[in-house]
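S.K.: Everything in the sequence shown is counted per the working numbering, starting at 114 for the first residue and increasing by one. Quick reminder that beta carbons are idealized off the backbone N, C-alpha and C, glycines included.
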Amino acid sequence: MNAIDSVRDILTRNMRQSGIVIAFVAIVVLFAALNPNFLSPTNLTNIVLQYSYILILAIGMVMIIVAGQIDLSVGSVVALTGAVSAVVVVRQGLPWYVGVLAALFVGLLVGIWQGFWVAYVGIPGFIVTLAGMLLFRGLTFLVLDNKSLSPFGGTYYDIANGFLNGLLGGNGFDVFTLVIFGIAVAGYAVSQWRTRQGKIAYQQTVESMPLFVAKLVAVAVVVMWFGYQLSISRGLPIVLIILAVLIIAYTLVTQKSVFGRHVYAVGGNRHAAELSGVKVRKVNFWIFVNMGVLASVAGVVYSSRMNGAQPGAGNMFELDAIAACFIGGASTTGGVGRVGGAMIGGLIMAVMSNGMQLMGVPQSMQQVVKGLVLLLAVAFDIYNKRRASVLR
């Protein structure tokens, strides 16, 4: 297969993923042209810090959506877990890690609660989590006694605001940050090479070697440039390490594990999955437990970023997470979606919000633009399905 045929095959074989990558690049180029400060080291660092909790929520939400469910309560869970952590650390004066563990435990209980009603009672996830959205928001007000609680300070504050720098020195840039990004690029290259070799072993179509190398070089250049921008700013954000670990872990879970394949099977065809021996109730239960835990992680990150807990924290976060998944290629009917796609979808939302803020676009117009982008993403998904059915 020559290079031109390879490019055409990549673009047409998976139009969802190709489309969102192209859209993401186009949006970045547009805002970079409109505002020179958009790609500055300081602004890139701010994007990482300000939108990390939405990306964490999107990791769990994409599994929910792939399984054919939805979770409307994650914003309220973010508020509740952050509130519990604030009570433990700020009001009770206990160590920061006790607050983190308390938040994770509450998130686990929330996931068990909602998973039980969805999986074993049979109430639709939309209804259960809609009730949860109200229930957990009310509990947040009770826990905080309708008042904000701050500041955390210390190590807890550093979770979402701290940086690792100076560990390996560097003159004007942080060597440690570049080393970590270099390791990430090497890991990506090895993973892509192994995937390519596996396809060849099963006699599947792969892109030409020049195109494969060009793709790796392009990714390496972009990633190392991003790493360099962080290194000359404040170094490697701690929250970026947390996010990277979660992305790698959940990519492996969804793509390489039996549980991940069962999630896709349930979302693709629930009846067929049951006939194949998949324990559908168990799968639905655990994806909601997982979402509760990830929402608590986002709650810790958000409360750390804000350096306190507020009764109204996490408002509309569930819609941002859901939008990230659909923009990232997840299907409205389940069975389709990837963690990587959700991350790109979340970054599109983050880049649009940040770029419009830098341009001074009113908040009302920002909401209009986000709504239109989400609508177009779902319309694109429907178009792809109709096109695939015609080709069959």
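(1) Return the first residue and the last residue of the alpha helix (DSSP H) that TYR210 is part of.
(2) Can you find the residues in the same chain that come closer than 7 Å, C-beta to C-beta, to MET472, ignoring five residues on each side of it along the sequence?
(3) Using beta-carbon positions only, say whether CYS438 and VAL175 come within less than 7 Å of one another.
(4) From the DSSP output, read off the bridge partner residues of ALA422.
(5) Within 10 Å of its beta-carbon, does ALA314 have 16 or more other beta-carbons around it, so buried, or fewer, so exposed?
(6) Can you find the residues in the same chain that come closer than 7 Å, C-beta to C-beta, to ALA302, ignoring five residues on each side of it along the sequence?
(7) Mind checking which residues open and close the alpha helix (DSSP H) that includes GLU387?
(8) Out of LEU185, VAL413, GLY195 and VAL190, state which residue places its alpha-carbon closest to the alpha-carbon of LEU243.
(9) By the DSSP assignment, the alpha helix (DSSP H) with PHE339 in it spans what residues?
(10) In terms of DSSP beta bridges, what is PRO350 paired with?
(11) Are there 16 or more other CB atoms within 10 angstroms of the CB of HIS384, so buried, or fewer, so exposed?
(12) Per DSSP, what kind of secondary structure is GLY458 in: helix, strand or coil?
(13) Could you check the C-alpha separation between ALA196 and LYS395 for me, to the nearest Å?
(14) Are the CB atoms of ILE177 and MET404 nearer to each other than 7 Å?
(15) Using the three-state DSSP reduction, which class does PRO149 fall into: helix, strand or coil?
(16) Out of GLN182, VAL414 and ALA426, which has the shortest C-alpha to C-alpha gap to LEU214?
(17) May I have a chain-ordered list of the alpha helix (DSSP H) segments no shorter than 4 residues that lie completely inside the segment 141-204?
(18) Between GLY188 and ASN428, how many whole angstroms is the CB-CB distance? I'm expecting something under 8 Å.
(19) Which of the three DSSP states is assigned to THR253 in this structure?
(20) Taking its Cβ as the centre, do 16 or more other Cβ atoms sit within 10 Å of ASP258, making it buried, or is it exposed?
(21) Looking at MET322 and the ligand SAM, is the gap between the Cβ and the nearest heavy atom below 6 Å?
(22) Using a Cβ-Cβ cutoff of less than 6 Å, which residues in the same chain neighbour VAL161 once the five nearest sequence positions on both sides are dropped?
(23) Compare the C-alpha of VAL482 against each of VAL134, ARG309, ILE135 and ILE140 and name the closest.
(24) Between LEU152 and the rest of its own chain, which residues show a CB-CB distance below 7 Å, the 5 nearest in sequence each way excluded?
(25) The alpha helix (DSSP H) with GLN316 in it runs from where to where?
M.R.: Straight from the coordinates:
(1) 209-229
(2) LEU147 and ASN148
(3) yes
(4) LEU262
(5) exposed
(6) LEU329
(7) 383-388
(8) LEU185
(9) 322-344
(10) PHE276
(11) exposed
(12) helix
(13) 30 Å
(14) yes
(15) helix
(16) VAL414
(17) 154-179 and 187-199
(18) 6 Å
(19) helix
(20) exposed
(21) This structure simply doesn't include the ligand SAM, nor any ligand for that matter.
(22) PRO350 and LEU353
(23) ILE140
(24) ALA145
(25) Counting along the chain, GLN316 falls outside any alpha helix (DSSP H), and DSSP gives it neither H nor E.
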